[in-house]
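Student:
Protein chains in written order, with my numbering: chain Y, 1 to 539; chain S, 1001 to 1157.
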């Protein structure tokens, strides 16, 4: 039971003190990429060997969440507490536990696997959401507390009124990180103002964009941070129950979240009268069933209620009529992960990061034909060029870049000549793409843009829930039309029809899925029209 | 096997009980059932419908809406080819086609002898290892066509 900020600090101090003589840490990344190469086995074996050699008093072995540079899997970080120095090693193999043991005594071991920490990949990043990823053991609440965790929640309960919390979030300028970009503070304020006995906080962890794995990494690496963010939201909006809706395809994330909730409950960080206040809050995890449309707010709520994930007409918005007809706040995983740092450092601090209209940082998943694939967090406003060429290290094999795709099936393709565009909500929208949830797919010159557009359209087609005609029929028709272009069988009137159909689907669909489904087609027509023209047969 | 004698139904029952047999327990119950039985057959769906006091049509409707639920048993082995964007642009569709040709079945189907099922996933979130496939729960990334076929041959040996 932790009942006050002092007790919380006590828990953290006690942990730090107990590890006083343990100067080193070997942090093994057990994120999705590293663990598929056997890092979990490596961690267990290493821990066993370190103990056998009596080195466990000197060096702690822990499994941590995603370190970011997935292309260098397996990643191991060697942290020296005295010097506060971190050294990263990449490309470690699952059988190299002996070499890692040697590293504890002899820092020159494994020198050839050492990563250059002065590379832009490391220096250009700013980690707020991912600050604990690769550092804190996600299975260990005390480790989280020792790194300042739950301090924001206790601070809020001790010192701040719900309105003050919302004010702080409003000052920060934080916008929804799921892709919509709606101001978080405003969303919370609306729900706070609605009079109701029961309100809900829902976290969207149904990361459905193909090519995106940011939320997965956050849930796996730092589940307590999401719990803390949701609890603060609960206090600010007057809600006592929260749900985390997670993809069933992410079993590790589900396991970590459930463990985090259990640990929080047993310390009375979740439950009744949290921190001796009158605030009650608890969280449950609900599994998604693999339906992209459930990323849409009303569909997600329908799914938690045990129904088919069909969206409904808005308004009424969730803030008035959400889960079980009650006022509901729905935010994305990354949004919740920003809350504790904002409370800790203040809204002003956050506002000063990034750009005027898009403050803070954004996590991106860099994939495709790019050297440094992985997860990165950068301040808003950084240019795409810097992201791709400096942090990402450029294309694989140095082939010329053709386009990048942001925003998944709802986003668009951005051609090479627009790479100087800054990453913020408005600039990306202005060039026909969207921020989206953060997947960035780099395509080199070998990619055929009509085929890419068809890939996304086929995805939207199979993910359409079928409720409204423009989306259900429109996406099917669009896929068939694109097939004609790929087969070089299209006519001039097909091209006109394609453009017209895009507009109809965009304007007439019921929910976001249909309304944004034509984006990949429209943006490729805009920037790569000649590839469509090549698909028109000569009469 | 009848509901009374099969212990596995108790697992599903437990999930529904935890959620107070509320109608909203439906999806959670389906997840537990699929975990326990490997797939959802008609008896299981009817059992859940009865316990949650829902019409069978509703249970069937939900089970068929979500891609994650299977209404047919899987083969002895499974290969899940990730069809996310990162995998797609690195040739996942070609790999899938090779698999389909090799076994004469389409994605989502199982060979007649029940040896292997070929499935696809929207995106398994391991984009940095693209293209990737999961062979009997073991993810293998950075696949090439030769490599991918070799892995599948190894699986069925």
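Glycine included, C-beta positions come from ideal geometry on N, C-alpha and C.
Treat the numbers as computed from the prediction; the structure is a model and nothing was measured.
1) Specify the secondary structure class of residue 19/Y as computed by DSSP and reduced to three states.
2) Are the C-beta of residue 240/Y and some C-beta of chain S separated by less than 7 Å?
3) Expressed to the nearest angstrom, what Euclidean distance is found between the alpha-carbon atoms of residue 266/Y and residue 1104/S?
4) Closest Cβ-Cβ distance between residue 1061/S and chain Y: below 7 Å?
5) List the residues that DSSP assigns as beta-bridge partners of residue 61/Y.
6) Check each candidate in 285/Y, 106/Y, 89/Y and 498/Y and name the one with the smallest Cα separation from residue 55/Y.
7) Mark residue 251/Y as exposed unless 16 or more other C-beta atoms lie within 10 angstroms of its C-beta, in which case mark it buried.
8) Give the straight-line distance between the Cα atoms of residue 61/Y and residue 133/Y, rounded to the nearest whole angstrom.
9) According to DSSP, is residue 1143/S helix, strand or coil?
10) The beta strand (DSSP E) with residue 562/Y in it runs from where to where?
11) Could you tell me the distance, in whole angstroms, from the CA atom of residue 1019/S to the CA atom of residue 1043/S?
12) Can you tell which of 4/Y, 472/Y and 160/Y has the C-alpha that lies nearest to the C-alpha of residue 237/Y?
13) Do you know how far the Cα of residue 375/Y is from the Cα of residue 215/Y?
14) One question on the structure: do residue 166/Y and residue 189/Y come within less than 7 Å of each other, judged by their Cβ atoms?
15) How far does the alpha helix (DSSP H) with residue 338/Y in it extend, from its first residue to its last?
16) Answer with buried or exposed for residue 263/Y, where buried requires no fewer than 16 other C-beta atoms within 10 angstroms of its C-beta.
17) In whole angstroms, what separates the C-alpha of residue 274/Y from that of residue 162/Y?
18) How many angstroms separate the CA atom of residue 490/Y from the CA atom of residue 533/Y?
19) Spatial neighbours of residue 479/Y within its chain, please: C-beta separation below 8 Å, excluding the five flanking residues on both sides.
20) Flag this pair as touching only if the stretch 172-181 of chain Y and the stretch 431-442 of chain Y have three or more C-beta atom pairs under 8 Å; answer yes or no.
21) Taking the continuous beta strand (DSSP E) assigned at residue 364/Y, which residues delimit it?
22) Give the range of the alpha helix (DSSP H) segment to which residue 514/Y is assigned.
23) Just reading off the beta strand (DSSP E) that residue 89/Y is part of, what are its end residues?
24) Which class does residue 144/Y belong to by DSSP, given the choice of helix, strand or coil?
25) With residue 1043/S as the anchor, note down where its alpha helix (DSSP H) starts and where it stops.
26) Give the secondary structure of residue 1119/S by DSSP, where H, G and I count as helix, E and B as strand, and everything else as coil.
27) Check whether the Cβ of residue 1147/S lies closer than 7 Å to any Cβ atom in chain Y.
28) For residue 1117/S, would you say it is in contact with chain Y, using Cβ-to-Cβ distances shorter than 7 Å as the test?
29) By the criterion of Cβ-Cβ separation under 7 Å, what are the contact partners of residue 480/Y in chain S?
30) For a cutoff of 7 Å on Cβ pairs, would you count residue 287/Y as touching chain S?
31) Is residue 1040/S close to chain Y, meaning its C-beta is less than 7 Å from at least one C-beta of that chain?
32) So if DSSP puts residue 202/Y in a beta bridge, which residue, or which two residues, is it bridged to?
33) Where DSSP assigns a beta bridge to residue 493/Y, which residues make up the other side?
34) According to a CB-to-CB cut-off of less than 7 Å, which residues of the stretch 1125-1152 of chain S neighbour chain Y?
35) Between residue 472/Y and the rest of its own chain, which residues show a CB-CB distance below 7 Å, the 5 nearest in sequence each way excluded?
36) Quick one, which of 225/Y, 293/Y, 101/Y and 536/Y has its alpha-carbon nearest residue 51/Y's?
Tutor: The structure says:
1) Within the first chain, numbered from 1, the residue matching residue 19/Y stands at position 19. Residue state, collapsed to three classes: coil.
2) Along the first chain, read from residue 1 onward, the residue named residue 240/Y stands at position 240. No, residue 240/Y lies away from the interface with chain S (no Cβ there is under 7 Å from its Cβ).
3) By 1-based counting over the first chain, the position of residue 266/Y is 266. By 1-based counting over the second chain, the position of residue 1104/S is 104. Spanning the alpha carbons of residue 266/Y and residue 1104/S requires a straight line of approximately 53 Å.
4) Counting from 1 along the second chain, the entry for residue 1061/S is found at position 61. Interface residue, yes.
5) Along the first chain, one-based indexing puts residue 61/Y at 61. 26/Y, per the DSSP bridge assignment.
6) In the first chain, the residue the question calls residue 55/Y occupies position 55. With distances taken between Cα atoms, residue 55/Y lies closest to 106/Y.
7) As a working mapping, residue 251/Y is identified with position 251 in the first chain. By the neighbour-count rule (16 or more Cβ atoms within 10 Å), residue 251/Y is not buried but exposed.
8) Taking the first chain and counting its residues from 1, the one referred to as residue 61/Y is at position 61. Taking the first chain and counting its residues from 1, the one referred to as residue 133/Y is at position 133. Taking the straight line joining both Cα atoms gives about 15 Å.
9) For the purposes of this step, residue 1143/S is identified with residue 143 of the second chain, where counting begins at 1. Three-state DSSP puts residue 1143/S in coil, outside helix and strand.
10) Residue 562/Y cannot be examined here, being either before or after the span of chain Y that is shown, 1 to 539.
11) By 1-based counting over the second chain, the position of residue 1019/S is 19. By 1-based counting over the second chain, the position of residue 1043/S is 43. Rounded to the nearest angstrom, the two C-alpha atoms are 21 Å apart.
12) The count along the first chain starts at 1 and reaches residue 237/Y at position 237. Ranking 4/Y, 472/Y and 160/Y by Cα distance to residue 237/Y puts 160/Y first.
13) Taking the first residue of the first chain as position 1, residue 215/Y is located at position 215. Taking the first residue of the first chain as position 1, residue 375/Y is located at position 375. Near 10 Å, if we compare the C-alpha coordinates of residue 375/Y and residue 215/Y.
14) Against the first chain, residue 166/Y aligns to sequence position 166. Against the first chain, residue 189/Y aligns to sequence position 189. Their beta carbons are under 7 Å apart, which means residue 166/Y touches residue 189/Y by this criterion.
15) Counting from one through the first chain, the residue named residue 338/Y turns up at place 338. Its alpha helix (DSSP H) spans residues 333-345.
16) Working through the first chain from its first residue, we reach residue 263/Y at position 263. Counting Cβ neighbours within 10 Å, residue 263/Y comes out buried, since at least 16 surround it.
17) Stepping through the first chain from its first residue, residue 274/Y is reached at position 274. Stepping through the first chain from its first residue, residue 162/Y is reached at position 162. Spanning the two alpha carbons is a distance of roughly 15 Å.
18) Taking the first chain and counting its residues from 1, one reaches residue 490/Y at position 490. Taking the first chain and counting its residues from 1, one reaches residue 533/Y at position 533. One C-alpha to the other measures close to 9 Å.
19) The residue given as residue 479/Y occupies position 479 in the first chain. Cβ within range, chain order: 454, 457, 458 and 461.
20) yes
21) Counting from 1 along the first chain, the entry for residue 364/Y is found at position 364. Looking at the DSSP string, the run of the beta strand (DSSP E) that includes residue 364/Y is 361-368.
22) Within the first chain, residue 514/Y is the residue found at index 514, counting from 1. From DSSP, the alpha helix (DSSP H) with residue 514/Y extends over 512-516.
23) By one-based count along the first chain, residue 89/Y stands at place 89. Run containing residue 89/Y: 85-89, per the beta strand (DSSP E) assignment.
24) Residue numbering aside, residue 144/Y sits at position 144 when the first chain is read from its first letter. Reduced to three states, the DSSP call for residue 144/Y is helix.
25) Against the second chain, residue 1043/S aligns to sequence position 43. Here the alpha helix (DSSP H) through residue 1043/S covers 1042-1051.
26) The sequence position of residue 1119/S within the second chain is 119, counting from 1. Note: residue 1119/S maps to strand in three-state DSSP.
27) Along the second chain, read from residue 1 onward, the residue named residue 1147/S stands at position 147. No, residue 1147/S does not count as interfacial toward chain Y.
28) As a working note, residue 1117/S is residue 117 in the second chain. Not one chain Y Cβ lies under 7 Å of residue 1117/S.
29) Walking along the first chain from the start, residue 480/Y turns up at place 480. Neighbours of residue 480/Y on chain S: none; closest Cβ ~18 Å, over 7 Å.
30) What you label residue 287/Y is simply residue 287 of the first chain in a count that begins at 1. Yes - at least one Cβ of chain S is within 7 Å of the one on residue 287/Y.
31) On the second chain, residue 1040/S is found 40 positions in, with the first residue counted as 1. With 7 Å as the cut-off, residue 1040/S does not count as an interface residue toward chain Y.
32) Stepping through the first chain from its first residue, residue 202/Y is reached at position 202. Answer is 243/Y and 330/Y, bridged to residue 202/Y.
33) As a working note, residue 493/Y is residue 493 in the first chain. Note: residue 493/Y sits in no beta bridge, so no partner.
34) 1125, 1126, 1127, 1128, 1129, 1130, 1139 and 1141
35) Taking the first residue of the first chain as 1, we reach residue 472/Y at position 472. Excluding sequence neighbours, residue 472/Y sits near 464 and 466.
36) As a working mapping, residue 51/Y is identified with position 51 in the first chain. Among 225/Y, 293/Y, 101/Y and 536/Y, the Cα nearest to that of residue 51/Y belongs to 101/Y.
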